[in-house]
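Worksheet: the structure to be examined is printed underneath.
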Amino acid sequence: MKAPGFWALALLGGCLLIPESPALPGETGSVLAVAENMKAFFQGVEDYSSEVEQIYFQDGAEKERYRFRYAFKKPDRIRVDFISPHSGLVVFYRRGEKQATLRPFPSFPSIQFNVSIESSLLKTPTGQSINQTDMIFFIDFLFRNLAAVPQGDPRLQEGEGEVDFLFWGRDYVQGEKPEKYHIFISRENWFPVRIERYSPEGKPVETSIIRNYRFNSRPADSFFIP
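Under the numbering used here, the first residue of the sequence shown is numbered -16, with each subsequent residue one higher.
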C-alpha cells in the first residue's frame, strides 16, 4: 500500500459552539500576535473537526492529491477518515502512543491493524506522521520557530475574514534547513484554512486546504475507539 498523504491540520464535528474570538492586536499586527490568538482560542476548544484537501508537488508540479475528514478531541484523541484515495480507511490514534490503529474496510470493522507511527503507511509523501497533525503540534511549531529561526518580512495582511503571512520554520522531518510557509488563518476562529509549504529553493512542496470546521460538538469517546 502506498504511503497515504493525510496529515495537515484539520478537523470534524456537530453543533458549532465557538468561544468568543479575540481581536487581532492592531498596532503591529505581528505573526506572534496571531499565534497568541490561536493559542487563546484553542484553550476554549474541547474538540474540533474539518475536511482537508492535501496537495503534494514534485519539482514544482502537482503529483498527488488526498481528501479526508479529521477529528480531534482533547486531551489526545485523533481520528482520520479517508475520502479519496483509500476511501473507507479509518485511522485511530492517541497522542504520545507509538502505534496507531488502521481499520481499512468499513464493511468489516473487526479487521484492524496496529501500525508503528514510524511506518511509511502512517506518513505523508513528504514524511509527516500522524503525531504531527493536530493544533497542539501546529501552535507549538509556530512558537518554537518564531523563537529559533530568523524570520524574513512576514508580509502580514489583514483581510476582513482572514490573516495571512509568510513564516520560516525548520522542516518537521529532519529539522534542518528553514523552509518558507504561506499561512492563512481565519479571523473567526484563529484556525488555519490554508497552509502552503515551499522548499528552500522556493518550489512548492505541499498545500493543505482546510474547510468546514466544527467546534465543541462533543462526540462520544467511542467515536475515537477502533
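Using N, Cα and C, we set each Cβ at its ideal position, and we do this for glycine too.
query                                                                                                     : result
Rounded distance between the beta-carbons of Ser67 and Arg86, thought under 8 Å                           : Rounded, the Cβ-Cβ distance is 17 Å, inconsistent with contact.
Spatially closest choice to Phe216 from Ser103, Trp151, Val73 and Pro108, by CA coordinates               : Outside the displayed range of the chain (-16 to 209) lies residue 216, so it cannot be described from this structure.
Local conformation of Phe25 per DSSP, three classes                                                       : helix
Supposed contact pair Tyr53 and Ser33 - C-beta distance, whole angstroms, cut 8 Å                         : 6 Å
Short CB-CB distance (under 8 Å) between Arg194 and chain B                                               : Protein chains in the displayed structure number just one, and chain B is not present.
Sufficient close CB pairs (3 or more, under 8 Å) joining the segment 30 to 47 to the segment 98 to 111    : yes
Among Arg197, Phe96, Arg177 and Glu184, the one whose alpha carbon lies nearest that of Gln37             : Arg177
Own chain, CB closer than 6 Å to Lys22, minus 5 neighbours either side, in chain order                    : Ile122
Contiguous beta strand (DSSP E) assignments of at least 3 residues, all confined to the segment 99 to 186 : 145 to 153, 161 to 169 and 175 to 181
Pick from Ile168, Val188 and Arg201 that is closest to Glu19, judged by C-alpha positions                 : Ile168
Same chain, Cβ closer than 6 Å to Lys160, neighbours up to 5 away in sequence not counted                 : Pro183
Close Cβ partners of Ile192 (< 6 Å) along its chain, the five nearest in sequence each way excluded       : Glu36 and Arg177
Secondary structure of Ser33, DSSP reduced to three states                                                : strand
Proximity to Phe225 [Cα-Cα], best of Val146, Tyr76, Gln115 and Asn114                                     : The displayed coordinates of the chain run from -16 to 209. Any statement about residue 225 would go beyond what the structure contains.
Nearest-angstrom beta carbon gap, Ile100 and Ile113 [assumed within contact, 8 Å]                         : 6 Å
Limits of the beta strand (DSSP E) - the one that Leu72 falls within                                      : That residue, Leu72, is in no beta strand (DSSP E); it is neither H nor E in DSSP.
Residue of Ile61, Gln82 and Asn199 minimising C-alpha distance to Asn172                                  : Asn199
Counted within 10 angstroms of its Cβ, other Cβ atoms place Gly152 as buried (16 or more) or exposed      : buried
Residues that DSSP places opposite Arg201 in a beta bridge                                                : Paired residue(s): none; Arg201 is not in a bridge.
C-alpha gap between Asp136 and Asp204, whole angstroms                                                    : 43 Å
Nearest residue (CA-CA) to Gly158, options Gly142, Pro175, Arg127 and Phe174                              : Arg127
Exposure of Ala83, with buried meaning 16 or more beta-carbon neighbours within 10 Å                      : buried
With 16 other Cβ atoms within 10 Å as the buried cut-off, status of Glu141                                : exposed
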